[in-house]
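294 is the number of the first residue of the sequence shown in this note's numbering; add one for each residue after it. Report on the following structure.
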Amino acid sequence: MKKDIHPDYHPVVFQDAGTGTQFLTQSTATSDRTTEYEGKEYPLIVVDVTSESHPFWTGAQRVMDTAGRVERFQNRFGAMARRRKKN
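Right, here's the structure in full:
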């Protein structure tokens, strides 16, 4: 392998933002935040969804706020659709 062309591959802790569960793995990702895991200091990367919180892996269903999404879409693009109907 050529030297100085590959990213640094090192231990990193990923933390689920919803459950707080932490996973130690190897990654090229970097972070300014650190955490202590099993007595050692590692870079910490917080993620929204992991296997601990994803509905596919947990078997639980989540209610999505679809009404809020539709309203937000209407607020952003509703005026554009109304203008097209007038023309």
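Don't be surprised by glycine CBs; every beta carbon is placed ideally from N, CA and C. Quick caveat: nothing in here was measured; it's all calculated off a predicted structure.
Item, Value
"Bridge partner(s) assigned by DSSP for Thr328", "Tyr335"
"Tyr258 vs Thr321 beta-carbon contact at 7 Å", "Residue numbering for the chain in the displayed model covers 294 to 380; residue 258 lies beyond these limits and cannot be assessed."
"Rounded Cβ spacing between Thr343 and Asp309 (contact assumed at less than 8 Å)", "4 Å"
"Contacts around Phe307, its chain only, beta-carbon distance under 6 Å, and the 5 residues preceding and following it disregarded", "Phe316, Ile338, Val340"
"Rounded separation between Phe349 and Met373 - CA only", "37 Å"
"Cβ shell of Pro304 (< 7 Å), same chain only, five flanking positions each side left out", "Leu317, Gln319, Tyr335"
"Distance between Arg365 and Glu329 (C-alpha atoms, nearest Å)", "40 Å"
"Three-state class that DSSP yields for Val363 in the structure shown", "helix"
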